[in-house]
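Below is one structure; the comments refer to it alone.
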Amino acid sequence: MIDLGSSWPDLSKQYCLPPVGISTGPLAPWILWSLWVARKKFIFENKEILEEDVITNAITAAKEWLNEQTRDSSVKPPTNPQRAPIPSNTPVLKTDAAWKGDSLIAGLGWILEEELQKVERMVH
1 MIDLGSSWPD
11 LSKQYCLPPV
21 GISTGPLAPW
31 ILWSLWVARK
41 KFIFENKEIL
51 EEDVITNAIT
61 AAKEWLNEQT
71 RDSSVKPPTN
81 PQRAPIPSNT
91 PVLKTDAAWK
101 GDSLIAGLGW
111 ILEEELQKVE
121 RMVH
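The sequence shown lines up with residues 1 to 124 when you count with UniProt numbering.
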């Protein structure tokens, strides 16, 4: 049995060798995560996960994570355009809605405010 408390620093520094395709990051955290998920499925769903599937899931998760980390950092996400200030006398409409799919019922609500006074309130 491995004592993770004392072995973790060494385990987390170990890199996976080819042909797995994970050469820039450790695989140990992903194996532990896959074991944890498999354990939860066994306890709560009475579903057994094969050892091979635990390792396959760990490798897949590690590859997905590494691919997201190595994306081109020169590509900047779009920024929100600057909006002009809203004049103080502009009416403000605040809305909300909810949908309950199983009964096909929706609820809608809105409040119209003008110069910081509530003018109209409606709920449907």
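C-beta: ideal position from N, C-alpha, C; glycine also.
Remember, it's a predicted structure, so these values are computed and weren't measured experimentally.
- Beyond the five residues adjoining it in sequence on each side, Asp96 comes within less than 8 Å, by CB distance, of Leu108, Gly109, Trp110 in the same chain, given in chain order.
- Counting C-beta atoms within 10 angstroms of its own C-beta, Ser34 has 16 or more neighbours from the protein chains shown and is therefore classed as buried.
- Listed as beta-bridge partners of Pro26 by DSSP are Tyr15.
- Glu113 is positioned such that its CB atom lies closer than 8 Å to that of Pro91.
- One thing to note: Cys16 has its Cβ no nearer than 8 Å to the Cβ of Leu4.
- Excluding five sequence positions before and after Val54, the CB atoms of its chain that fall closer than 8 Å to its own CB belong to Ile31, Ser34, Leu35, Ala38, given in chain order.
- Per DSSP, the unbroken beta strand (DSSP E) holding Ile105 starts and ends at 105-114.
- The DSSP-derived three-state label of Lys47 is coil.
- By the 16-neighbour rule on beta-carbons within 10 angstroms, Ala62 is buried.
- Under the DSSP definition of a beta bridge, Thr60 lacks any partner.
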